[in-house]
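Just so you know, the sequences run in chain order A and B.
Our numbering puts the first residue of the first sequence at 901, with every later residue one more than the last.
Our numbering puts the first residue of the second sequence at 901, with every later residue one more than the last.
Here the structure comes first, spelled out in structure tokens, and everything after it is commentary.
Number of protein chains: 2
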Amino acid sequence: MDLEIVSIGNEVLEGHTVNTNAAFLGRELSRLGYRVARHTVLPDRVDAIEKGLKEAMSRSSLVIATGGLGPTIDDLTTRAVRPLFEEGIELKNEIGTAPGLFYPGLILLPGPPREMERMFLEEALPLILEQFALAEPVRHRKSCGLCLLKEVEVDPFLRDLQKEEPHVEIGIYPSQGSLLLEFSGSKKSDLNKLAQRVKERFPTFYFEESHIALAVQKEFIARKKKLAAAESCTGGAIAAKLTAIPDSSLYFLGSLVVYSNQWKEHFLQVSRSTLDHSGAVSRKAVDEMVKGLFHETEADFAVAVSGIAGPSGGTRDKPVGTICIAIGERGHKTDIGILQAPKDRASAIDWTVQTTLGALWRRLAHQAYTFS
Amino acid sequence: MDLEIVSIGNEVLEGHTVNTNAAFLGRELSRLGYRVARHTVLPDRVDAIEKGLKEAMSRSSLVIATGGLGPTIDDLTTRAVRPLFEEGIELKNEIGTAPGLFYPGLILLPGPPREMERMFLEEALPLILEQFALAEPVRHRKSCGLCLLKEVEVDPFLRDLQKEEPHVEIGIYPSQGSLLLEFSGSKKSDLNKLAQRVKERFPTFYFEESHIALAVQKEFIARKKKLAAAESCTGGAIAAKLTAIPDSSLYFLGSLVVYSNQWKEHFLQVSRSTLDHSGAVSRKAVDEMVKGLFHETEADFAVAVSGIAGPSGGTRDKPVGTICIAIGERGHKTDIGILQAPKDRASAIDWTVQTTLGALWRRLAHQAYTFS
């Protein structure tokens, strides 16, 4: 069954707010097997809201709209919708003021994400499942991840897989330095077979979890090992990514964000001579950072990164985007790479986080060296 | 002039990717005075892409579409659009493979955000400004921020301001623990006057920059002071937020992400007795973390946070969302608060980062104590 998501609000149209509501609803509904046919964002104007909602309702069996339900002057959705229906079912808002409304073919939810998400899951979804049964056979989904690989390195193999299983839809979603694959189709066994084929083709890059930080956490907890980090150019982003996940304290000891050279010396005993002669962005510096972590803490594994995230600080020998990564396991040789990240600052940081976690995961789960 | 933004891709429809491309384009175009009338997201199907683009072009003078231009299996935009036009101008892609296309009334840009943003700013925008002159008088915009305030604390004052200047559009965009205000109108002087009124009403909460981390950085660099952080529950997110900004190394020494209690003792000399009797989430613990930072480093200012981000770890006395924040200036009394953050983990972390930076900024710029 086709459905559409409509978001109402100038703040979304003008980019002050990123449309996470539509992403949430799209994810929840497509996971259940509903086909999300379109997202639309409309302005805070009664005529535009009415026109946009009517169009969507004429195309699709169900429209879910968010925003514009509050008591303030720019909340106009209710005014636009009231003339269209005789009556609707009120949906409780447990954590905000504006209730939602469930009309035949149209559901109105509030704009603030936490209110919307709770009302959708607790109030609207049971009614949707009851009134809009999935006529088509349920579509199953299976996703998996590939760390450290680029889309072009995987695409030819996926095209071959597609020929083998033409009825399975294959999605490939790249983010900085890792890939999410999604297979969907009517037979679970087909999807599992394809995931297995990917695993066989890229055995030490394949992971089951929805992202690499979660794969790292599961592996650490299963192996009862502890991790420490030392970050320069990522400035805490590795630690922030890992600790965003509940229960990360079960394996993650902490990170020394040694942004200045004094801190590298003081907390990790990186030698003055290394900093003076090889520089803070060098194989030697990240090697000493890992040694410092093992010396100062009880970690079983340690990662260290240092690089030039830019936009300034690049030199001829070490241009912006030069990144050193070290992956250490106590008692073993440290795996060290000097790599080229994307040149803009935000991408360079994100890429370094993903690449470090990918290499750490391969070392932990497969005893594989990525850089050496 | 009305224009629309269309994003193509199942990964956006199904919520695997949040639509930051539409937010970026909406922000850039509305800032220039173009009216963004609608965003639409379409699936990876040639017929749906063609239909959606035709509808948008029939409603609006210009449609900007992103995604589906690449060489891979699910990139179908070019195939859908080719029959509609005789020829277009190719737009260079400096950092990716797929070029963009500029047709009469339709611009195609690639999906990866960095490629899209660069192509839009460098290649497409000059052509848009040339071919789609703004008929209406230019709308000016002025934005400012308010840290540590909630929408309800500011809204009544804004309603009064609106009465004074009915022709100015006032936007209020809350994020966790801070507010962005935006004024837009035809007269620059009106906007500056309103911003000045806000500043007079909330003098120690008002900042000029687009976000609080940038306000903190400018203030530190202007005052030639150095900052150190110690993070437990935020897990590196404070450091990551600060170091996302170029030149943060001019004032930011680093952060000790002491996620485990051993690290709090070892690196910051938090006493065993404090951890045993008051706990890691206590006024005493964050006070000792600040003292440890001043003892170990040359920082002029130090911030420390410890809290229960959840979902587990809450107790009756300290439920999930209990957060301790300490703001220290060397030689002065430390400002310490024990606060209640939102209860979901991601919001709690984000709220703590915003609140810490807001309180730090008030201490630095106005010598104001926020919590004591």
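Using N, Cα and C, we set each Cβ at its ideal position, and we do this for glycine too.
In this text the structure is predicted, and so the values were computed from the model without any measurement.
Chain A residues whose Cβ lies nearer than 7 Å to that of residue i
| i | result |
| --- | --- |
| B:E914 | G926, R927, S930 and V936 |
Test: residue i CB closer than 9 Å to a CB of chain B
| i | result |
| --- | --- |
| A:P1219 | no |
| A:D1244 | yes |
| A:V918 | yes |
| A:T940 | yes |
| A:L1091 | no |
| A:P969 | For clarity, residue 969 of chain A is Leu in the given sequence; the question names Pro instead. No - not a single Cβ of chain B is within 9 Å of the one on A:L969. |
| A:G1085 | no |
| A:F1167 | yes |
| A:A1226 | no |
| A:G952 | yes |
| A:P1066 | no |
| A:A923 | yes |
| A:A1265 | no |
| A:P1004 | no |
Endpoints, the beta strand (DSSP E) within which residue i is located
| i | result |
| --- | --- |
| A:L1046 | H1040 to C1047 |
| B:Q1076 | From DSSP, B:Q1076 is part of no beta strand (DSSP E); its letter is neither H nor E. |
| A:T1222 | T1222 to E1229 |
| A:F1152 | F1152 to V1158 |
| B:R938 | R935 to L942 |
| B:I995 | Taken as a continuous stretch (DSSP letters only), B:I995 belongs to no beta strand (DSSP E), as it is neither H nor E. |
| A:G1258 | Here A:G1258 belongs to no beta strand (DSSP E); instead the alpha helix (DSSP H) covers R1245 to H1266. |
| B:A1204 | F1201 to G1207 |
Contacts of residue i in chain D (Cβ-Cβ under 8 Å)
| i | result |
| --- | --- |
| B:V1158 | In the displayed structure, chain D is absent; the protein chains listed are A and B. |
Chain-ordered chain B contacts of residue i [CB-CB under 9 Å]
| i | result |
| --- | --- |
| A:S1212 | P1146 and D1147 |
| A:A998 | Near A:A998 there are no residues of chain B at all, since even the closest Cβ is about 14 Å away, more than 9 Å. |
| A:A1115 | Near A:A1115 there are no residues of chain B at all, since even the closest Cβ is about 17 Å away, more than 9 Å. |
Cβ of residue i within 9 Å of any chain A Cβ
| i | result |
| --- | --- |
| B:P943 | yes |
| B:L1134 | Position check: residue 1134 of chain B holds Thr in this sequence, whereas Leu was assumed. Yes - at least one Cβ of chain A is within 9 Å of the one on B:T1134. |
| B:G1192 | no |
| B:A965 | no |
| B:E1131 | yes |
| B:A1185 | no |
| B:I995 | yes |
Per-residue contacts from residue i into chain B (C-beta, under 8 Å)
| i | result |
| --- | --- |
| A:W1163 | L1153, G1154 and T1197 |
| A:S1247 | R1014 |
| A:A1241 | Ordered by position in chain B, no residue passes the 8 Å Cβ test against A:A1241, which lies about 12 Å from the chain. |
| A:A980 | None at all; the shortest Cβ gap to chain B is about 15 Å. |
| A:A1180 | Ordered by position in chain B, no residue passes the 8 Å Cβ test against A:A1180, which lies about 10 Å from the chain. |
| A:A1259 | What A:A1259 touches in chain B: nothing, since even the nearest Cβ is about 19 Å away. |
Residue of the options minimising C-alpha distance to residue i
| i | options | result |
| --- | --- | --- |
| A:S1160 | B:T1197, B:K1164 and B:R1262 | B:T1197 |
| A:S1247 | A:A1128, A:C1133, A:T1104 and A:N919 | A:C1133 |
| B:E1119 | B:L1257, B:N910, B:L932 and B:V918 | B:L1257 |
| B:L1255 | B:K1126, B:V1116 and B:P1103 | It is Thr, not Leu, that sits at residue 1255 of chain B in the sequence shown. The shortest Cα separation from B:T1255 among B:K1126, B:V1116 and B:P1103 belongs to B:V1116. |
| A:A1033 | A:L1049, A:D902 and A:C1047 | A:D902 |
| A:G961 | A:V981, A:R938 and A:R979 | First, the amino acid is wrong: residue 961 of chain A is Ser here, not Gly. When only C-alpha atoms are compared, the closest one is A:R938. |
| B:G1192 | B:D975, B:G1213, B:L1156 and B:G1210 | B:L1156 |
| B:G1071 | B:G1045, B:E994 and B:S1178 | B:G1045 |
| B:G1179 | B:F1057, B:G1213 and B:H1195 | B:G1213 |
| B:W1163 | A:I1121, A:L1153, A:E1051 and A:G1210 | A:L1153 |
| A:E928 | B:L1264, B:V1054, B:I1238 and B:E914 | B:E914 |
| A:K1125 | A:M1189, A:A1202, A:V1186 and A:P1013 | A:A1202 |
| A:E1229 | A:I1223, A:T1252, A:K1243 and A:D1187 | A:D1187 |
| B:V1170 | B:P1146, B:H1195 and B:E1100 | B:H1195 |
| B:D1250 | B:I1112, B:M1189 and B:D1176 | B:I1112 |
| B:I1236 | B:R1263, B:R1018 and B:A1144 | B:R1263 |
Chain-ordered neighbours of residue i on chain A, where CB pairs are closer than 8 Å
| i | result |
| --- | --- |
| B:L1080 | H916 |
| B:A1095 | Here the premise fails: no neighbours, minimum Cβ distance about 17 Å. |
Run of the alpha helix (DSSP H) containing residue i, from where it starts to where it stops
| i | result |
| --- | --- |
| A:Q1169 | Run containing A:Q1169: none; DSSP gives neither H nor E here. |
| A:V912 | N910 to L913 |
| A:F924 | T920 to L932 |
| B:T966 | Premise fails: B:T966 lies in the beta strand (DSSP E), L962 to T966, not in any alpha helix (DSSP H). |
| B:G1192 | R1183 to E1196 |
| B:F1057 | E1051 to E1064 |
| A:E950 | V946 to R959 |
| B:I1138 | A1137 to T1143 |
Interface partners of residue i on chain A, CB under 9 Å
| i | result |
| --- | --- |
| B:A956 | Ordered by position in chain A, no residue passes the 9 Å Cβ test against B:A956, which lies about 10 Å from the chain. |
| B:A1204 | In chain order: nothing, as chain A lies at least about 13 Å away. |
Closer than 7 Å, Cβ to Cβ, to anything on chain A: give me those residues from the stretch 1008–1039 of chain B, in chain order. Within the stretch 1008–1039 of chain B, the residues whose Cβ lies closer than 7 Å to some Cβ of chain A are R1014, listed in chain order.
Which residues of the stretch 1136–1154 of chain B have a Cβ closer than 9 Å to any Cβ of chain A? Give them in chain order. G1136, A1137, I1138, A1139, A1140, K1141, L1142, T1143, A1144, I1145, P1146, D1147, S1148, S1149, F1152, L1153 and G1154
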